[in-house]
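A short write-up of the structure that comes next.
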Amino acid sequence: ALLGPAPAVRTWPPVFTSVGLAAWAAAAGTAVSAMSSANAAVTMFLILRAATPF
Numbered sequence: 165a166l167l168g169p170a171p172a173v174r175t176w177p178p179v180f181t182s183v184g185l186a187a188w189a190a191a192a193g194t195a196v197s198a199m200s201s202a203n204a205a206v207t208m209f210l211i212l213r214a215a216t217p218f
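Just remember that our numbering sits 164 ahead of the position in the sequence shown, which is counted from 1.
The structure is reproduced here in structure tokens:
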């Protein structure tokens with residue numbers, strides 16, 4: 165394994181293929197989901213902080 169040839173560099177598939185469209189759609193969905201989760205966490209923190217007496 166150490167003396168074998170270097171592995172081929174993998175890149176993202178072109179968007180206008182079925183595999184590329186699926187990969188890019190999955191990546192976009194993952195990014196939107198992560199942003200939504202972060203937004204919900206920040207909102208919950210702010211609500212709890214506002215509702216907690218000092």
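The C-beta atom is built at its ideal place from N, Cα and C for all residues, glycine as well. All of these numbers come straight from a predicted model, not from anything done at the bench.
Asked                                                                                                       : Found
Spatial distance of residue 215 from residue 206 (CA atoms)                                                 : 14 Å
Cβ neighbours of residue 185 in the same chain (closer than 8 Å, five flanking residues each side left out) : 179
Within 9 Å, strictly: CB atoms of residue 171 and residue 187                                               : no
Between the CA atoms of residue 167 and residue 209 - distance to the nearest angstrom                      : 52 Å
Where residue 168 falls: helix, strand or coil (DSSP)                                                       : coil
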